[in-house]
Amino acid sequence: MDMASSTSSTSSTSSLWSNNRMSGLMSGLDTESLVKSMAANTKNRLNTKKQKLQTLQWKQEAYRSSISKISDFQKKFLDWGSDTSIKANSVMNKYKAESTNDKLAVSANSSATPATYYISASTAASAAQVKSAGSISTDRINLDFSKNVDGKEYTVQMTYNGTTRDVTFKGSTDADTAKANFLEAANNTFKDIKTDAQGFEFKDGTSTLVFNNANDGIRHTFSIKYNSEAVGLSNTVGSTMGTTTKLSDAAFNTALNGDKFEFSINGEKFTFEKSNTIGDVINAINKADIGVKASFSTMTQSFKLESTETGTAGKLNIEQTNGNLLNSLFNSSDDFTKKDAYGKNGTITISTDGENYTTYTSASNEYSFDGTTFNIAKLGNFDSSVDGVDEITVTTEKDTSSIKDTVIKFIDAYNQLLDDVYGEIQTSRPKKNGSYYDPLTDEQEEEMKSDEIEKWNNEAKKGLLYQDNYLTTFVSSIRGAMSSAKVDGFTLYDLGISLATDWKSNGKLVVDEDKLENAINTYGDKVTSFFVDSDKGLAATLNNEIDRAISTRDKKVGYLSGIAGIENTTTEKDNALYSQINNMQTLINNLQTRYENEMERYWKQFTTLETYMSNMQSQSSIFGSDS
Numbered sequence: 014m015d016m017a018s019s020t021s022s023t024s025s026t027s028s029l030w031s032n033n034r035m036s037g038l039m040s041g042l043d044t045e046s047l048v049k050s051m052a053a054n055t056k057n058r059l060n061t062k063k064q065k066l067q068t069l070q071w072k073q074e075a076y077r078s079s080i081s082k083i084s085d086f087q088k089k090f091l092d093w094g095s096d097t098s099i100k101a102n103s104v105m106n107k108y109k110a111e112s113t114n115d116k117l118a119v120s121a122n123s124s125a126t127p128a129t130y131y132i133s134a135s136t137a138a139s140a141a142q143v144k145s146a147g148s149i150s151t152d153r154i155n156l157d158f159s160k161n162v163d164g165k166e167y168t169v170q171m172t173y174n175g176t177t178r179d180v181t182f183k184g185s186t187d188a189d190t191a192k193a194n195f196l197e198a199a200n201n202t203f204k205d206i207k208t209d210a211q212g213f214e215f216k217d218g219t220s221t222l223v224f225n226n227a228n229d230g231i232r233h234t235f236s237i238k239y240n241s242e243a244v245g246l247s248n249t250v251g252s253t254m255g256t257t258t259k260l261s262d263a264a265f266n267t268a269l270n271g272d273k274f275e276f277s278i279n280g281e282k283f284t285f286e287k288s289n290t291i292g293d294v295i296n297a298i299n300k301a302d303i304g305v306k307a308s309f310s311t312m313t314q315s316f317k318l319e320s321t322e323t324g325t326a327g328k329l330n331i332e333q334t335n336g337n338l339l340n341s342l343f344n345s346s347d348d349f350t351k352k353d354a355y356g357k358n359g360t361i362t363i364s365t366d367g368e369n370y371t372t373y374t375s376a377s378n379e380y381s382f383d384g385t386t387f388n389i390a391k392l393g394n395f396d397s398s399v400d401g402v403d404e405i406t407v408t409t410e411k412d413t414s415s416i417k418d419t420v421i422k423f424i425d426a427y428n429q430l431l432d433d434v435y436g437e438i439q440t441s442r443p444k445k446n447g448s449y450y451d452p453l454t455d456e457q458e459e460e461m462k463s464d465e466i467e468k469w470n471n472e473a474k475k476g477l478l479y480q481d482n483y484l485t486t487f488v489s490s491i492r493g494a495m496s497s498a499k500v501d502g503f504t505l506y507d508l509g510i511s512l513a514t515d516w517k518s519n520g521k522l523v524v525d526e527d528k529l530e531n532a533i534n535t536y537g538d539k540v541t542s543f544f545v546d547s548d549k550g551l552a553a554t555l556n557n558e559i560d561r562a563i564s565t566r567d568k569k570v571g572y573l574s575g576i577a578g579i580e581n582t583t584t585e586k587d588n589a590l591y592s593q594i595n596n597m598q599t600l601i602n603n604l605q606t607r608y609e610n611e612m613e614r615y616w617k618q619f620t621t622l623e624t625y626m627s628n629m630q631s632q633s634s635i636f637g638s639d640s
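Numbering (my numbering), first residue to last: 14 to 640.
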């Protein structure tokens, strides 16, 4: 036996195998084509089912797209909470109030009645309040003279009460002397404009520069800028306190005495130490449930306590039991052992005929009469008896413009909905070369570019709901609801709303705006009832028909939601198309298994044939070499 020939034969045999399958090299057959051909019937059935599955999925998407548009329309115009709802009395019976004085805020609700009001006087309700007498801080700046010990002369730019001047001082061999030189120079520089004030001084032996105002009631602000970075003063231009300022560091005009401070507000006790900040004081008061708000303005350097309620119900009962923190916070020498403050009620003097006036009292600044509300917070204290002050007139009337706009928006949206749904019903399936655009098979997609696939699929999705019975039923039902609505003899036609004369309009409506406006002005309440009546009103009638189509409530599932389902509802997986899709997927899975088994069986048969022929060839080769 020729060993070389044997080896070559074995190698050749091995090369014929691929994934346990042998090609048709020995037999000369196109094995792969034959296998595919023999299983072609099952493959075609499989492709057909896949195309039907894709069509069902696209059809469901098309239904859901229409349902979504219907639902959006319902939410916007037929939902109680929508500000464009024709179902809501507050929208379709809207009133407006207008004031001749823009400081008097007025409004009217749906229960208002047409009227004219005359306001001759008012006093604003106030909260109980205790506030500081002007600024509570002394102006101060922290200065550092540790670098001014070389004996050189330094100049800084200083602004005092709006006047800016150069302050020149001489450094020294020690910081204390440099500090003293600066203080003398500053006071001399502004000596002519300090009036009765005591001037600049350093606080408590520190390098904190303050200004003593000698209780003259004037806030003496000052700041410092440098002419050279070489000057060793701290880089600061402000002297105000903030909420992060510790009580120990606060430059109060009324000096703080003591280490521990106690006081009560409305019976609530508060305790603080010098290590606490101004913010700590404010936060503690505001967090306490005592009907009081504390605040501190960094701009004006002022502190304030105010009751959260206006009127006589607002109160501040203050008692200081240890230290003088309240005196410092309020910049006051008052005795805070017992201090009470109360809010005041407000009043409004009003008439509906301009002759008979009545004065009403309220703890708030808001008054309501027959659905019209008056807020005098900005108006404050007003008196028309003062020479040159006009009486205020307020007119309340039906807001015709707003109601008309809502109706027009509703009709426009209704017409758009008809267009959208009719677009699905009237669009037929497109064809190419006499055949419909069916979903592509896997084999077809392999031969196409991505943009070609996209264009094909866009065409294939068209017309899937052509002449659809469910959508046709929906259109007929809402058109019927619109045309049949009638309350107190009123119909859409009486409001100037009628069918478009163009037969191609598919039942769209047109609005005569002048007739609509006149109807609202003339028959206001009846027009409102036509829309909002809970039994026969247009909104109720139309909403019932939409519910019949897309409701997802148990035992009342709409015919559209029942056929296609709505995402994130109980119908999402409980609908006819979902069942068909599931059934089709099961058929596809079974056919896929069958196809794979057929392919495997045919490959095994051909592989057996090829193996047999290969062995025969090998044996023939061996016998040939022996001879």
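A virtual CB, placed ideally from N, CA and C, is assigned to each residue, including glycine.
Being a predicted model, the structure only gives us computed values, none of them experimental.
| Item | Value |
| --- | --- |
| Meets three-Cβ-pair contact criterion under 8 Å: the segment 50–68 and the segment 561–568 | no |
| Three-way DSSP call (helix, strand, coil) for residue 543 in this model | helix |
| Where the alpha helix (DSSP H) containing residue 573 begins and where it ends | 572–577 |
| For residue 108, the three-state DSSP class (helix, strand or coil) | strand |
| Residue 471 in three-state terms, based on DSSP | helix |
| Helix, strand or coil at residue 622 according to DSSP, with G and I counted as helix | helix |
| Selected residue, minimal CA-CA separation from residue 123, among 537, 271, 605 and 549 | 537 |
| Contacting residues, own chain, Cβ-Cβ under 8 Å from residue 176 (five flanking each side not counted) | 203 and 206 |
| Proximity test, Cβ basis, 7 Å: residue 216 and chain C | Among the chains in the structure shown there is no chain C, since it carries only a single protein chain. |
| Local conformation of residue 563 per DSSP, three classes | helix |
| Residue 75 CB to nearest heavy atom of the ligand SAM below 6 Å | No copy of the ligand SAM appears in this structure; indeed no ligand is present at all. |
| Strand pairing of residue 178, partner residues [DSSP] | 171 |
| DSSP state of residue 487 mapped onto helix, strand, coil | helix |
| Under the three-state DSSP convention, the category residue 5 falls into | The structure shown does not extend to residue 5, since the chain is modelled only from 14 through 640, so no value can be given for it. |
| Distance between residue 361 and residue 323 (C-alpha atoms, nearest Å) | 15 Å |
| At least three beta-carbon pairs within less than 8 Å, the segment 499–516 to the segment 461–478 | no |
| Candidates 342, 157, 579 and 325: closest to residue 314 by CA position | 342 |
| Contact under 7 Å by Cβ, residue 402 with residue 119 | no |
| Straight-line gap, residue 93 to residue 87 (C-alpha atoms, nearest Å) | 10 Å |
| Residue 363 (DSSP reduced to helix, strand or coil) | strand |
| Rounded C-alpha distance that separates residue 100 from residue 458 | 51 Å |
| Local Cβ density within 10 Å of residue 67, reported as buried at 16 or more and exposed below that | buried |
| 7 Å Cβ cutoff met for residue 137 and residue 393 | yes |
| Whether residue 121 touches residue 131 by CB criterion (7 Å) | no |
| Continuous beta strand (DSSP E) stretch holding residue 282: start and end | 281–286 |
| Residue from 619, 579 and 631 with nearest C-alpha to residue 46 | 619 |
| Between the CA atoms of residue 387 and residue 332 - distance to the nearest angstrom | 38 Å |
| Anticipated Cβ contact below 8 Å, residue 166 with residue 144, distance rounded | Actually they are not in contact, since the Cβ atoms of residue 166 and residue 144 sit about 46 Å apart, beyond 8 Å. |
| Cβ-based burial, residue 77 [other Cβ within 10 Å; buried from 16] | buried |
| Three-way DSSP call (helix, strand, coil) for residue 510 in this model | strand |
| Status (buried if at least 16 other CB within 10 Å, exposed otherwise) for residue 576 | buried |
| DSSP-derived helix/strand/coil call for residue 329 | strand |
| Pair within 7 Å by beta-carbon distance, residue 431 and residue 521 | yes |
| Residue 295 in three-state terms, based on DSSP | helix |
| DSSP three-state assignment for residue 493, whether helix, strand or coil | helix |
| Buried versus exposed, by CB contacts within 10 Å (16 or more), residue 557 | exposed |
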